[in-house]
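These protein sequence lines are chains A and B, in that order.
The opening residue of the first sequence carries number 250 in my numbering; numbering runs sequentially from there.
The opening residue of the second sequence carries number 247 in my numbering; numbering runs sequentially from there.
Backbone N, C-alpha and C fix where the C-beta goes; we use that ideal spot for every residue, glycine too.
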Amino acid sequence: MLLALILIPFLAAIGILGGLPARLSAVIASLANILVATYALSCPACCDGFSLQVLADPNINLSLGVTGISAVMLILSVIVTLAAVYSGKCPSGREKLWYSSSLFISAGAIGAFLSTDVFFFYAFHELALIPTFLMIGILGRGDRKEAAWKITIYLAFGSIILLAGLLLATSHTGSFAFSDLKEIPATAQNTVALLLIIGFGTLVSLFPLHSWAAPAYASAPTPVAMLHAGVMKKFGLYGLLVIGMKVAPQGMLHWLPWICVLLLGNIIWVGLVTINQKRLDLMLGNSSVMHMGYIFLAIAALSANPDNSIAVPAAVLLMFAHGISIALLFSLTSVVEQKTGTLEIAQLGGLAKTAPALAFLFGLAGMASIGLPGLANFAGEVMVFFAGFADWTPGESLGWVQITTIIALWGVVISAVYMLRAYRNTFQGPLVKATENAADIHYCEKIPSYILAITLLVVGIYPQIILQFLSN
Amino acid sequence: MQAHLIEFITVGLGLILLMFEAFSKGNKSQIGLVAAAGLAVILTMLFCPAPSCCPVPDWMERFYSDNQTARFYKIIAVTSTILVLLMSVDFSKVLTKFTSGDDDDSATGEFYCLPVFACAGLMWMASATDLVSIFVSLELVTITFYVMVAFMRRNVGSLEAGVKYLILGALSTGFLVYGIAWIYGTMGTTDISLYAGILENGTYNRSYLLFGIALMLIALGFKVGAVPMQLWIPDVYQGAPTPITAFLSVASKAAGFLVLMTIISPFLAAEHTGNTISAVLLIMAGATLLYGNLAAISQNNFKRLLAYSSIAHAGFLLMGVATQDYSSVSFYLGTYLLMTFAAFFVLALIRSEEDSDELDAFNGLGQRNPVLAFALTIAMAALAGIPLTAGFWGKFFIFKSAISNDVSWWLLSIAFISVAAGFYYYLKVVKAMYWNKARNENPITVPIITKFVLILLTAAILVLGIYPQPIFNLLGH
Numbered sequence: 250m251l252l253a254l255i256l257i258p259f260l261a262a263i264g265i266l267g268g269l270p271a272r273l274s275a276v277i278a279s280l281a282n283i284l285v286a287t288y289a290l291s292c293p294a295c296c297d298g299f300s301l302q303v304l305a306d307p308n309i310n311l312s313l314g315v316t317g318i319s320a321v322m323l324i325l326s327v328i329v330t331l332a333a334v335y336s337g338k339c340p341s342g343r344e345k346l347w348y349s350s351s352l353f354i355s356a357g358a359i360g361a362f363l364s365t366d367v368f369f370f371y372a373f374h375e376l377a378l379i380p381t382f383l384m385i386g387i388l389g390r391g392d393r394k395e396a397a398w399k400i401t402i403y404l405a406f407g408s409i410i411l412l413a414g415l416l417l418a419t420s421h422t423g424s425f426a427f428s429d430l431k432e433i434p435a436t437a438q439n440t441v442a443l444l445l446i447i448g449f450g451t452l453v454s455l456f457p458l459h460s461w462a463a464p465a466y467a468s469a470p471t472p473v474a475m476l477h478a479g480v481m482k483k484f485g486l487y488g489l490l491v492i493g494m495k496v497a498p499q500g501m502l503h504w505l506p507w508i509c510v511l512l513l514g515n516i517i518w519v520g521l522v523t524i525n526q527k528r529l530d531l532m533l534g535n536s537s538v539m540h541m542g543y544i545f546l547a548i549a550a551l552s553a554n555p556d557n558s559i560a561v562p563a564a565v566l567l568m569f570a571h572g573i574s575i576a577l578l579f580s581l582t583s584v585v586e587q588k589t590g591t592l593e594i595a596q597l598g599g600l601a602k603t604a605p606a607l608a609f610l611f612g613l614a615g616m617a618s619i620g621l622p623g624l625a626n627f628a629g630e631v632m633v634f635f636a637g638f639a640d641w642t643p644g645e646s647l648g649w650v651q652i653t654t655i656i657a658l659w660g661v662v663i664s665a666v667y668m669l670r671a672y673r674n675t676f677q678g679p680l681v682k683a684t685e686n687a688a689d690i691h692y693c694e695k696i697p698s699y700i701l702a703i704t705l706l707v708v709g710i711y712p713q714i715i716l717q718f719l720s721n
Numbered sequence: 247m248q249a250h251l252i253e254f255i256t257v258g259l260g261l262i263l264l265m266f267e268a269f270s271k272g273n274k275s276q277i278g279l280v281a282a283a284g285l286a287v288i289l290t291m292l293f294c295p296a297p298s299c300c301p302v303p304d305w306m307e308r309f310y311s312d313n314q315t316a317r318f319y320k321i322i323a324v325t326s327t328i329l330v331l332l333m334s335v336d337f338s339k340v341l342t343k344f345t346s347g348d349d350d351d352s353a354t355g356e357f358y359c360l361p362v363f364a365c366a367g368l369m370w371m372a373s374a375t376d377l378v379s380i381f382v383s384l385e386l387v388t389i390t391f392y393v394m395v396a397f398m399r400r401n402v403g404s405l406e407a408g409v410k411y412l413i414l415g416a417l418s419t420g421f422l423v424y425g426i427a428w429i430y431g432t433m434g435t436t437d438i439s440l441y442a443g444i445l446e447n448g449t450y451n452r453s454y455l456l457f458g459i460a461l462m463l464i465a466l467g468f469k470v471g472a473v474p475m476q477l478w479i480p481d482v483y484q485g486a487p488t489p490i491t492a493f494l495s496v497a498s499k500a501a502g503f504l505v506l507m508t509i510i511s512p513f514l515a516a517e518h519t520g521n522t523i524s525a526v527l528l529i530m531a532g533a534t535l536l537y538g539n540l541a542a543i544s545q546n547n548f549k550r551l552l553a554y555s556s557i558a559h560a561g562f563l564l565m566g567v568a569t570q571d572y573s574s575v576s577f578y579l580g581t582y583l584l585m586t587f588a589a590f591f592v593l594a595l596i597r598s599e600e601d602s603d604e605l606d607a608f609n610g611l612g613q614r615n616p617v618l619a620f621a622l623t624i625a626m627a628a629l630a631g632i633p634l635t636a637g638f639w640g641k642f643f644i645f646k647s648a649i650s651n652d653v654s655w656w657l658l659s660i661a662f663i664s665v666a667a668g669f670y671y672y673l674k675v676v677k678a679m680y681w682n683k684a685r686n687e688n689p690i691t692v693p694i695i696t697k698f699v700l701i702l703l704t705a706a707i708l709v710l711g712i713y714p715q716p717i718f719n720l721l722g723h
């Protein structure tokens, strides 16, 4: 059953390359995946994992399982995949590449989240590399070639460092299975933790290894930007939570001051960079880098005290919420570009008059991303800040995590500044040349937006729907 | 049938083909197909288990061992020879052009017979257990290659490659003989299987022995393309006829590594010599990795790029040898065969169609022939070591044993940087195929043999990328 979740998009992608109707197959495959995922999660007993030994020595299995965090990531992946294949405007004649690449990326992401073997966890993630490279390089916008090289080299470099960390960790545990991961000897923990932080950190765009992200998302075709920023990027955080904290908790504690400083780099430095952006897509790309800082804050709180009971739910909820909201924003940005022909914020204005539905949806997504109560991100961010202070009793002196949390709170202000300014300049004010004749969002284009927006609302009002997976 | 007869059969096949070629009138490239069919029969014989009735006779046993590893390398040798012959058939247009002035292919006949002799030498080398038999089989291979590299006699590049290969090859043979002499002088025997015992007793002169081994390393470094004996590779690879380049890059390298492992393994395992030799090997590995990968970055000629990539792969393989992880090295070489041949088949086709090996000849291939472009993309991804292709496992195993053997961090960093550099130059080819505009838009038709082989190789790369166990089964693990 779980294998089907990977095979459906994978086979559909191959089918599309082989000549099946591209868009239709992609939509059917992602719908089927949502159904299978719902079934798998609602009835855990019906599909208690899958395992196939691919190699006897060393013992490597293609084993899949869905537990806790991976369940949430699975939901995120299938929802964003469906929205992504609906979004964006595929240049005519390139449907094969467009839809098959999106499905390949999705299959890689789902495979990575479901794998319970270190080898395949790593391998599935890399499956996305070539489709991303081709999509940005061929069908991207702007400086597409430079952006494609940048993302590919950065991610390749990050994953190779990650591979070193994983191999070093597994050489101590002696097994590749997730279930055999245990704390490794203290002497090796610092090295392993450092390699994992740099490796996973590059994939998550941790400051100062973040510079690939914003240009790549800005140039990427819409489905790739949605899948990458929404889903693939969570892979690194997932890895740190599931592997990093398990094999090297003392190592993570050792590097805690560094994590704190770097995550503030994400929140404050990149936040200020975001304020200065002149284009909508670059602004969103940078904001997605910035928000990674909050999730790292939850990881920092967990490193400071592995028993911190709020940190994991906080991180996971925010990962989910951020994935949905950034996917929605990228999807709507492509609609804005299709209707007005530009993404330069200075050339836009008053779009709410001609396209009220678009403005409403964009406003909702923007508010969600800056943490307005009632929407999913708020629940996540609040829990992250609680997690930062969970170990602190009044009267005690402030630790690294608490000081970082206090500074990080200013990030909320920064994100409000850039998002509200962008919203005002794009949708409010007098109509300008680009927006005069802009049509409102079309019925078809609403489908992905509504899927994502409703998810944001439901999870925002009732976060337990996601958190329930983490309780057992 | 006695196991060692298989080499004699192969030589016999070659001789018959030569006779046949001398008297046949028709299209010479048919000889290539006959040779490939003959070798296919030999290949099936290799898969049959060794018969218990008739073991290798005593007089042969000292020179020849028939074990699972040897068989694996024989399979590599025969498979790559078959692929070379098939590639040559589709390459006959270029061959004819550069061997005779007009469209007369009568001078190309030997080209389809010679690889069979090289194959016999490679197979014998896989089984050789004595310095003497190693030397003889190695020379059979090398001398055949001297002819094949320079075969396109009306092409200056091929002639230049031939001269370079001849001079440097002769030099390395000199080193090899000298090394054998020193080792024989120190150990008192050329039978490698006795070395472990002698090393344990300690009745030998360590300095003389190390000097002999150093000479050996230089000679074998030439065969596998390791720094500091790598300089011939780019020029010879670029000048030689493309099928022969593929042959050199796969079969000759695999045999070189096998010989290296056969000779060096008792010394690496021994207490008094192991650390020194493994340190030297690791330094060679680091230098080879750096040279191969950094030089490959700036190449604009696909054939030359593959030459540097072959140096880079030698670096990874040397790391595996130094950490005594011989089964990983064998696995790596097996997968290396698949991906390198896939790349060379496409290259040979483009060479025939476009008359160019430059990277810009590949521009727009994604539009001109999507299947061809897809196959080359898979091959490049595998060479770069992207997971879920066969190429990743080899690197994975080598890194794994390097990390668990506590190889020093500077070598690991070089190796990891090399992999990242590899991503760049292999993807450059992918970029040319999909991003760039084609010089001419004519679709390319793929000859039936190339098409069939490419589909087979691509499928193997992908299947082994998920399920690598079959190669280990062949290796007897």
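- The closest CA to that of residue 504 of chain B, considering only B:354, B:276, B:620, B:566, is found on B:566.
- Residue state for residue 429 of chain A is assigned as helix, using DSSP reduced to three classes.
- In the DSSP annotation of this structure, residue 456 of chain A is not part of any alpha helix (DSSP H), being labelled neither H nor E.
- Segment contact: the region 351-363 of chain B against the region 273-286 of chain B, three or more CB-CB distances shorter than 8 Å; contact assigned.
- Residues of the same chain with a CB within less than 6 Å of the CB of residue 467 of chain B, apart from the 5 flanking positions on each side, are 475 in chain order.
- The Cβ of residue 574 of chain B sits no closer than 7 Å to any Cβ of chain A.
- Under the Cβ distance rule, residue 497 of chain A does not count among the residues neighbouring chain B, no pair being separated by less than 7 Å.
- Ranked by how close their Cα comes to the Cα of residue 470 of chain A, the residues A:427, A:270, A:609, A:382 have A:382 in first place.
- The CB of residue 677 of chain B comes closer than 7 Å to the CB of 386 in chain A, given here in chain order.
- For the pair residue 311 of chain B and residue 713 of chain B, the Cα-to-Cα distance works out to about 30 Å.
- In its chain, beyond the 5 residues on either side, 445, 448, 452 have a beta carbon closer than 8 Å to the beta carbon of residue 518 of chain B.
- The closest CA to that of residue 408 of chain A, considering only B:507, B:638, B:609, is found on B:638.
- With 16 or more other CB atoms across the displayed protein chains lying within 10 angstroms of its CB, residue 371 of chain B is buried.
- CA-to-CA, the gap between residue 428 of chain A and residue 442 of chain A works out to about 19 Å.
- Scanning the region 627-687 of chain B from its first residue to its last, no whole beta strand (DSSP E) run of 3-plus residues comes out.
- By the Cβ criterion, the region 251-268 of chain A is in contact with the region 344-353 of chain A, since at least three pairs of Cβ atoms, one from each stretch, lie closer than 8 Å.
- For residue 595 of chain B, the secondary structure class from DSSP, reduced to helix, strand or coil, is helix.
- The continuous stretches of alpha helix (DSSP H) do not include residue 304 of chain A, which lies in the beta strand (DSSP E) extending over residues 299-304.
- In the structure shown, residue 309 of chain A adopts extended strand secondary structure according to DSSP, grouped into three states.
- Using a CB distance cut-off of 7 Å, residue 405 of chain A counts as an interface residue toward chain B.
- In the structure shown, residue 353 of chain B falls within a helical segment according to DSSP collapsed to helix, strand and coil.
- Pairing residue 481 of chain B with residue 546 of chain B, the inter-Cα distance amounts to about 14 Å.
- The DSSP assignment places 435-453, 462-468, 471-476, 483-488 as complete runs of the alpha helix (DSSP H) inside the region 431-500 of chain A, in order along the chain (cut-off: 4 residues).
- Using beta-carbon distances, residue 288 of chain B does not count as an interface residue toward chain A, since no partner is under 7 Å.
- Assigned with DSSP and collapsed to three states, residue 441 of chain B falls in helix.
- Look at residue 393 of chain A here: in three-state DSSP terms it is helix.
- With a threshold of 16 other beta carbon atoms within 10 Å, residue 693 of chain A falls short and is exposed.
- Out of A:401, A:394, A:359, the CA that lies nearest to the CA of residue 378 of chain A is found in A:401.
- Taking residue 664 of chain B as reference, the option from B:645, B:437, B:607 with the minimal CA-CA separation is B:645.
- Under the DSSP assignment, residue 384 of chain B falls in the alpha helix (DSSP H) whose first and last residues are 377-395.
- Residues of the same chain with a CB within less than 7 Å of the CB of residue 602 of chain A, apart from the 5 flanking positions on each side, are 680 in chain order.
- Taking the Cα of residue 649 of chain A as reference, the smallest distance to any Cα among A:590, A:621, A:551 is reached at A:551.
- Under the Cβ criterion (8 Å, minimum of three pairs), the region 288-297 of chain B counts as touching the region 322-330 of chain B.
- Residue environment for residue 585 of chain B: buried (at least 16 other C-beta atoms within 10 angstroms of its C-beta).
- In its chain, beyond the 5 residues on either side, 336, 618, 690, 692, 693, 696 have a beta carbon closer than 8 Å to the beta carbon of residue 595 of chain B.
- Shortest Cα-Cα distance from residue 414 of chain A to any of A:404, A:426, A:446 involves A:446.
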